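**Student:** Under my numbering, think of the first position of the sequence shown as 271, with each following residue one higher.
Cβ coordinates follow ideal geometry from the N, Cα and C atoms, glycine included.
Model, not experiment: these values are computed from the prediction.
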Amino acid sequence: MPALEGKNALVTGGSRGIGAATAVRLAEDGANVAITYEKAADRAAEVVARIEGLGRKAVAIQADAADADAVTAAVDQAAEGLGGLDILVNNAGILPTGTIDQVTIAEVDRALAINVRAVFTAVIAAVRHLPEGGRVITVGSFLGAERVPRPGLSVYAATKSALVGLNRALARDLGPRGITAVLVQPGPTNTDMNPADGPRAEGSRAASALGRHAEPIDVAASIAYVAGPAGRFITGSAITVDGGSAA
Ligand code: NDP
């Protein structure tokens, strides 16, 4: 039997990049999958078609992560559309850049709303649905872990560092219910956010022990591992999937 047969998952920001790869990978492992997106309805529809092509239920929900009511409604809609919710993957995120003299408070507020507050919102809504054995998996960043290797990342690194503490605290709050919380921290990954042929790519490759960007499926595979039966005793931890960029 596939590892996630009969499970229902919601992946926020599932229309592109790591979220899309994760949604499809969870479906390959047997799960029904709902995704949220902000703007890319066409890309979300492609992901839905791929999941349905695997014989699984799929739902795409437009929900701006900056809008707490929309996120709450999306979680409830996902649970209703799929027939329950076992796995929440908090993936939607943005990467604001600029050195501290360039940062505006509006950018700080928006990044906190999307990268941090939306995680709270989704988890608060999801715990009403998650059963014992449920999973809360949040996508952080290696930039929120140990090192910030270049200028211009204060806002982003701060939001991703916030998820380290949040994940640990979630493990404590949800442990008594048999629900785990895990932070998956990718390094440079070849997506629209950070293309392998983009302006920062050469420096990223040089810093990576493996000498390349991850592909989205590399990160999705770790998320699927944590979501599956093998992940049942992993909680409160962060798993860094960065090709040795922080080594
Ligand atoms: P992409 O920019 O390729 O995709 C972002 C996804 O998030 C899209 O599905 C997008 O939806 C969605 N999204 C963005 N803003 C919002 C919003 N306001 N509301 C709802 N959905 C939104 O990013 P990645 O796949 O690269 O990143 C995914 C996660 O991985 C992020 O949390 C990011 O910080 C993290 N990460 C990425 C790394 C990288 O190198 N790529 C490295 C470390 C961490 P739409 O298509 O509708 O715009």
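#1: With a CB to CB cut of under 7 Å and the five nearest residues on each side skipped, what residues in its chain are close to residue 391?
#2: Below 6 Å, is the gap between the Cβ of residue 286 and the nearest heavy atom of the ligand NDP?
#3: Thinking C-beta only, is residue 490 closer than 7 Å to residue 313?
#4: Over the uninterrupted alpha helix (DSSP H) stretch that includes residue 456, give me the two end residues.
#5: For the ligand NDP, any of its heavy atoms closer than 6 Å to the Cβ of residue 283?
#6: Any heavy atom of the ligand PLP inside 6 Å of the beta-carbon of residue 409?
#7: Could you give the first and the last residue of the continuous alpha helix (DSSP H) run that contains residue 437?
#8: Assuming residue 479 contacts residue 513 (C-beta within less than 8 Å), just tell me the rounded distance between them.
#9: Name the two residues that bound the continuous beta strand (DSSP E) containing residue 420.
#10: So, at 8 Å on beta carbons, what are the nonlocal neighbours of residue 300 in its own chain, with the 5 sequence-adjacent residues on each side left out?
**Tutor:** Well, looking at it:
#1: Taking the sequence shown and counting its residues from 1, one reaches residue 391 at position 121. For residue 391, where only same-chain residues beyond five positions count, the Cβ hits under 7 Å are 338, 341, 342.
#2: Looking up residue 286 in the sequence shown gives position 16. Answer for residue 286: yes, Cβ within range of the ligand NDP.
#3: For the purposes of this step, residue 313 is taken as the residue at position 43 of the sequence shown. For the purposes of this step, residue 490 is taken as the residue at position 220 of the sequence shown. No.
#4: Counting from 1 along the sequence shown, the entry for residue 456 is found at position 186. From DSSP, residue 456 is part of no alpha helix (DSSP H) but of the beta strand (DSSP E) over 450-456.
#5: Locating residue 283 in the sequence shown gives position 13, counting from the first residue. True, at least one ligand heavy atom lies under 6 Å from that Cβ.
#6: The ligand PLP is not among the ligands present in this structure, which contains only the ligand NDP.
#7: On the sequence shown, residue 437 is found 167 positions in, with the first residue counted as 1. Note, residue 437: alpha helix (DSSP H), 424-444.
#8: Your numbering for residue 479 matches position 209 in the sequence shown. Your numbering for residue 513 matches position 243 in the sequence shown. Sure, about 6 Å apart at Cβ, within 8 Å.
#9: Start at 1 with the first residue of the sequence shown, and residue 420 comes out as number 150. It is not in any beta strand (DSSP E) - residue 420 carries neither H nor E in the DSSP assignment.
#10: Here residue 300 refers to the residue found at position 30 when the sequence shown is read from its first residue. If we look at residue 300 and ignore the five residues flanking it on each side, its Cβ neighbours are 271, 272, 273, 274, 275, 276, 277, 326.
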